[in-house]
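Notes follow once the structure below has been shown.
Chains as they are written, first to last, in my numbering: chain A, 1 to 376; chain B, 1 to 366.
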C-alpha cells in the first residue's frame, strides 16, 4: 500500500507486519497470539496495528476516526491490560476479562484484548484464563505480549500462535529517533545507548532534560574516576543516583495529584487501592529505570573505550565524549576493558537480587577505578 | 452551561442514570454523569461500557452546553437538597456550581469530550409491552439467572415474543424458570438473550412508566420507557434448548396451599444446614406430604402437610434455597408440584392456566 497505513508504525519488523497484514486481510486471524520479542521491538504497536486493520473499513488507514481511537487507547473494544497485582495478574482482573469476553462487542466487529507482560501470570490467574484463552467466542482476539517465550507459563503459551519479533537494528532505530525527535545523530546514539536500545524509551530520554543531565553527570564521573580518592567516589555515586531519582519525584507529584482527584470524584468510601498499587508499581519501575540508565551509560562508555582501542572508532556511541574516550582507549588493553564491563554486569545482577542500588553502584565504581588506574 | 431544574425531577433522572455508573477505577470518566442541554430539556447519560442509560428531564435553560459531573456526588448533593429549583452553572472552566435556595456547591467537572458516545443502534422494530407485566415476569424469572461466569449465556434471560405471547426463561443449570403470558395488542416477534443485571435494572426503572418497548440490534438490546433509553450489550452464544428439559408427564401430582407450604419449608430448612437436602415424601394413602431435614451433629426437623395427591408415593430431595426461591416467585394461592421420579427434576407449576414452570434438579438421597 502506498498510502499511509498503520503498519508503518512498526519499525524494521517487515516479516511480522506482512504476516499479520496477510492474516487480517484474508480473515485468517487466529484467536490468540503470543508476541515474543525484546522490549522496544514494537509488540504493542503491532497489536494496535492489528486492531486497526481489523476494525477499520480501509484495512488500517491510520487516519480515520476508528484508527485514531484505537491508537489513542480510546476504543471501547480494544482492552489493554497490565498486571494489577504487585508483580502478577490478579485473578479478579482476569475474571473481568472473562465477563467482557462473553458480551458482544460495543462498536466494532471484534473485541481485542492486549495483555502486556504475559509472563506475569500466577498459577491462579493463568488457570482462570485458560478456558477463555483456548476457546473464546468467534469475535474475540487475544494478544499476549512477552519478552521471552520461556517465561510464559507453558499452558498459556501452548494455546497461542507465537509471533517472534527481532530486535530493532541500531541503524533503523537511529533513523526513527532522529526523524521523530529532531535530535542530532550523535545525541540519538547516546540516547539509544542509555536506554538499552529501546526506541520509545530513547525518545522519552531525549525529551527529558533531567535524564540527559543524569547521563552527562555519569559520563563526567567516569572521566574523573581515576583521579578520585575513595571518599570522592562515594560522594560521586551518591550524587549520580540522587540525580537519577529526580524523575521519580516528578512522577510522585503527578501521582499524588491523580489520587486526590480520584478521591474527589468517587468519594472517600470508594477504595483507591488498585490505583495506589499501580502507582507503587510505576514508581518501582521508574526507580529501577533510573538506576538502569546509569548502568547503561557506564556500560556504553566502557564499550566505547573497548571499540576505540580495537580501532573501530565509528562504533562509538558517546561521540560527544570521544576525546576522553580516546585518551582512556590509548592505554587500555581489551582485557582490562572487558574486566570493567564485567563489573557493570555484576552490578546489574546484584541489583536484580535486591542489593541496594547505591551499594552496587559504589562497588562497581571502585572496580572500574581499579581498572582505569591500571588498564593492563 | 446554565440550567435550572426542579429538584424532584432532577433527582428522579439522576437515580435512573446512576444505575449505569461504573465503579471501576481504570476509567474515571465512567464514574461521571454526562449532562447536556437539548430543546428545552436536560439530557443525562451514564455508561459502564456494558450498559448505557440516557434520560431527559424538563429544565429552564439559560445557556446551552455540556459537562460531566461526578455521578455519585451529584446524586448525593441533589438528594440532600430541599424541594426547590436547582441551578447548575458551568461558566467557569473545570468546575460547576450547583445552587439551590441558600446552599451552593462547587464541584469539579470532567471533560465531556472524553465521555464515551452514547451508542447509536439501528433496530428493525420496537415492540411495546405493558411495563407492569414485564417487570413482574422479570422479577419472577430472574431468581433462576446464573451468577456463574463459566457459562456466560446462562447469566442472561431468554426473552421471546411471538404471536402475542411474551415468554422469559432463565436457568443456572440447577433450576429453570419459565414464564409465559399472553399480552394483548403485541405485534412483532423477537428472540434475544439479555444480561440478567441489565434487564433487572430496566424492570425496576420502568415500573413507574406504563409501557416499555424493546428492540434488538446485532450487538445490543435497547429499552425505551418514559423519557429513558437503556442500552445493554448482548451475550455471546445461544441459549440451551430448554424445551427438552421439561418432562412431559409425571407420576405424582400434588396441589398445595402456597403460603402453608412456604411456611413449612422455611421452618424445616432451619435444620438443613451446610447444603443438607430437604426431603419431600408424598404418601398418597394418608394424604400427607412430609418434609424432613437433617444436619449431622445438629439435629433434624419434620413437618406433615395435608394434601390431595394424585398418583404414586414418592420421595425426593431438593436444595432448600432453590425450592424456597421457586415457591416465593410462583403466583396464586395454590401451586402444583409434579414429580416423575427421585432422580428426575421436580416441577412447581401454577394451578391456574397462566404458564409458570419452575424446574428444580433433585438432590440424590443419601
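Quick reminder that beta carbons are idealized off the backbone N, C-alpha and C, glycines included.
Check, Outcome
"Locate the beta strand (DSSP E) running through residue 113/A, then write down its first and last residues.", "111-115"
"Can you pull the chain B neighbours of residue 159/A, defined as C-beta to C-beta under 8 Å?", "Within 8 Å Cβ-Cβ: nothing; residue 159/A doesn't reach chain B, min ~17 Å."
"From residue 287/A to residue 38/B, what distance separates their C-alpha atoms?", "50 Å"
"Hey, out of 283/B, 42/B, 32/B, whose CA is closest to residue 48/B's CA?", "32/B"
"Assign residue 120/B to buried or exposed, taking buried as 16 or more other Cβ atoms, counted over all protein chains shown, within 10 Å of its Cβ.", "exposed"
"Between 35/B, 99/B, 348/B, which has its C-alpha nearest residue 261/B's C-alpha?", "348/B"
"Short of 7 Å Cβ to Cβ, which residues in the stretch 57-88 of chain A face chain B?", "76"
"Would you report the Cα separation of residue 10/A and residue 226/B, rounded to the nearest angstrom?", "51 Å"
"Which chain B residues are close to residue 102/A, counting only those with a beta carbon under 8 Å from its beta carbon?", "149, 152, 153, 155, 235, 236, 237"
"Note down, in chain order, every chain A residue with its Cβ under 7 Å from the Cβ of residue 50/B.", "103"
"Based on DSSP bridge pairs, tell me the residues matched to residue 424/B.", "The structure shown does not extend to residue 424/B, since chain B is modelled only from 1 through 366, so no value can be given for it."
"For the 8 Å Cβ check, are there 3 or more pairs between the stretch 188-200 of chain B and the stretch 104-121 of chain B?", "no"
"Would the beta-carbon of residue 221/B fall within 8 Å of that of residue 213/B?", "no"
"When DSSP labels each residue in this structure, what does residue 131/A get in the three-state scheme?", "helix"
"Between 285/B, 295/B, 250/B, 245/B, which lies nearest to residue 268/B when the distance is taken from Cα to Cα?", "295/B"
"Assuming residue 192/A and residue 177/A are in contact, meaning their beta carbons sit under 8 Å apart, how far apart are those beta carbons, in whole angstroms?", "7 Å"
"I need the straight-line Cα distance from residue 251/B to residue 24/A, nearest angstrom please.", "58 Å"
"Strictly by DSSP, which residues pair up with residue 105/B?", "98/B"
"Grouping DSSP H, G and I as helix and E and B as strand, with all else coil, what is residue 233/B?", "strand"
"Classify residue 307/A as helix, strand or coil using the three-state DSSP reduction.", "helix"
"For the beta strand (DSSP E) that residue 364/A lies in, which residues bound it at each end?", "That residue, residue 364/A, is in no beta strand (DSSP E); its alpha helix (DSSP H) goes 357-373."
"DSSP on residue 165/B, reduced to helix/strand/coil?", "strand"
"Pull up the distance between the alpha-carbon of residue 37/A and that of residue 239/B, whole angstroms please.", "41 Å"
"Would you verify that the beta carbon of residue 28/B is, or is not, closer than 8 Å to some beta carbon of chain A?", "yes"
"Which class does residue 219/B belong to by DSSP, given the choice of helix, strand or coil?", "coil"
"Can you find a CB in chain B that lies within less than 8 Å of the CB of residue 180/A?", "no"
"Give me the chain B residues within the contact set of residue 379/A, using Cβ-Cβ distance strictly less than 9 Å, ordered along the chain.", "Limits of chain A in this structure are 1 at one end and 376 at the other, which puts residue 379/A out of reach."
"Do residue 51/A and residue 442/A count as a contact pair if the criterion is CB distance below 8 Å?", "Outside the displayed range of chain A (1 to 376) lies residue 442/A, so it cannot be described from this structure."
"Check whether the Cβ of residue 344/A lies closer than 8 Å to any Cβ atom in chain E.", "Structure shown: chain E not included; protein chains present are A and B."
"Does the beta-carbon distance from residue 58/B to residue 41/B come in below 8 Å?", "yes"
"Put residue 183/B into one of helix, strand or coil per three-state DSSP.", "coil"
"Do residue 194/A and residue 296/A have their C-beta atoms within less than 8 Å of each other?", "yes"
"Establish whether the CB of residue 119/B and some CB of chain A are separated by less than 8 Å.", "yes"
"Any idea what DSSP makes of residue 62/B, helix, strand or coil?", "strand"
"Quick check: is the beta carbon of residue 142/A nearer than 8 Å to any beta carbon in chain B?", "no"
"Strictly under 8 Å for the Cβ-Cβ distance: is residue 116/B near chain A by that measure?", "yes"
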